[in-house]
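K.L.:
The numbers in this note's numbering rise by one with no breaks, and the one at position 129 of the sequence shown is 170.
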Amino acid sequence: MLRQFWNSFLVPLMVRPARYQVAALCHRGKGSSTRILLITSRDTGRWVLPKGWPKRGHDAGGTALEEAWEEAGIKPQGRPRLVGRYHYQKRLDGGLPVPTRVEVFAIPVSGLHDDYPEKGQRDRVWMSPADAAAAVHEPELSELLAGFTAEARQ
Numbered sequence: 042m043l044r045q046f047w048n049s050f051l052v053p054l055m056v057r058p059a060r061y062q063v064a065a066l067c068h069r070g071k072g073s074s075t076r077i078l079l080i081t082s083r084d085t086g087r088w089v090l091p092k093g094w095p096k097r098g099h100d101a102g103g104t105a106l107e108e109a110w111e112e113a114g115i116k117p118q119g120r121p122r123l124v125g126r127y128h129y130q131k132r133l134d135g136g137l138p139v140p141t142r143v144e145v146f147a148i149p150v151s152g153l154h155d156d157y158p159e160k161g162q163r164d165r166v167w168m169s170p171a172d173a174a175a176a177v178h179e180p181e182l183s184e185l186l187a188g189f190t191a192e193a194r195q
């Protein structure tokens with residue numbers, strides 16, 4: 042009886058619901074010249090995709106565009122397209138990890154602006170899909186990047 046109370050009442054109270062973010066998989070080139078833009082996280086310095094929480098007044102693709110502009114200064118060349126999802130443990134300000142589901146939108150890019158809102162706060166680099174997959178820490182994101190081809194995302 043105690044076990045049933047624990048499993049059906051107390052455990053669900055302690056489990057945090059998954060949070061939701063949107064990421065931008067910014068890319069240029071085709072075939073073997075396909076490159077993916079990665080940026081550094083402001084707090085850890087790890088290589089990541091531009092991403093953020095949903096924004097009021099934007100759909101998910103619009104949020105991906107906005108985050109990519111703010112964090113990486115992209116010049117988009119087309120509309121965002123949903124290409125996949127991944128999960129990771131987001132550390133909030135209190136230090137507690139929360140499960141987070143991320144929808145990833147591919148965005149073709151014609152170039153990068155020299156001036157953008159988070160300039161100087163992050164590094165940015167173009168990588169092949171294989172190198173980008175090796176650079177990120179999230180296994181599901183790594184798998185998504187490794188299999189990415191621009192032609193399949195048009």
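Positions of the beta carbon are idealized from the N, C-alpha and C atoms, including for glycine.
Out of Tyr-127, Gln-62, Arg-165 and Leu-78, which one is the CA nearest neighbour of His-99?
P.N.:
Nearest of Tyr-127, Gln-62, Arg-165 and Leu-78 to His-99, Cα basis: Gln-62.
K.L.:
Tell me, please, which residues DSSP counts as bridged to Ala-175.
P.N.:
Answer is none; Ala-175 lacks a bridge partner.
K.L.:
From Gly-114 to Leu-137, what distance separates their C-alpha atoms?
P.N.:
Straight-line Cα distance between these residues: approximately 30 Å.
K.L.:
From the DSSP output, read off the bridge partner residues of Pro-117.
P.N.:
DSSP, once it has assigned bridges, lists Val-150 as partnering Pro-117.
K.L.:
So, is Glu-184 buried or exposed, given that buried needs 16 or more other C-beta atoms within 10 angstroms?
P.N.:
Exposed.
K.L.:
Identify the continuous beta strand (DSSP E) that holds Leu-29 and give its terminal residues.
P.N.:
With the chain represented from 42 up to 195, any question about residue 29 goes unanswered, as that position is not in the structure.
K.L.:
For the alpha helix (DSSP H) containing Ala-59, list its first residue and its last residue.
P.N.:
Here Ala-59 belongs to no alpha helix (DSSP H), and DSSP marks it neither H nor E.
K.L.:
What does the Cβ neighbour count give for Lys-71, buried or exposed, with the cut at 16 atoms within 10 Å?
P.N.:
Per the 10 Å Cβ criterion, exposed.
K.L.:
Does the Cβ of Gln-195 have 16 or more other Cβ atoms within 10 Å, making it buried, or fewer, making it exposed?
P.N.:
Because the pLDDT of Gln-195 is 48, which lies under 50, any placement of that residue in the model is unreliable, and the question is left without a value.
K.L.:
Find the nearest neighbour of Cys-67 within the set Arg-83, Glu-111 and Gly-86, judged by alpha-carbon distance.
P.N.:
Ranking the options by Cα distance to Cys-67, first place goes to Glu-111.
K.L.:
Using three-state DSSP, classify Arg-194 as helix, strand or coil.
P.N.:
Because Arg-194 sits at a pLDDT of 49, beneath the cut-off of 50, its placement in the model cannot be relied upon, and the following sentence gives the value as read from the coordinates. Correct three-state label for Arg-194: helix.
K.L.:
Alpha carbon to alpha carbon, how far is Thr-104 from Lys-96? Give it in angstroms, no decimals.
P.N.:
When rounded, the distance between both Cα atoms is 6 Å.
K.L.:
Does DSSP classify Glu-184 as helix, strand or coil?
P.N.:
Glu-184: helix per DSSP, three-state reduction.
K.L.:
Just the C-alpha distance for Gly-125 and Pro-91, rounded to the nearest angstrom, thanks.
P.N.:
Rounded to the nearest angstrom, the two C-alpha atoms are 15 Å apart.
K.L.:
Classify Trp-94: buried if its beta carbon has 16 or more other beta carbons within 10 angstroms, exposed otherwise.
P.N.:
When all chains shown are included, Trp-94 counts as exposed.
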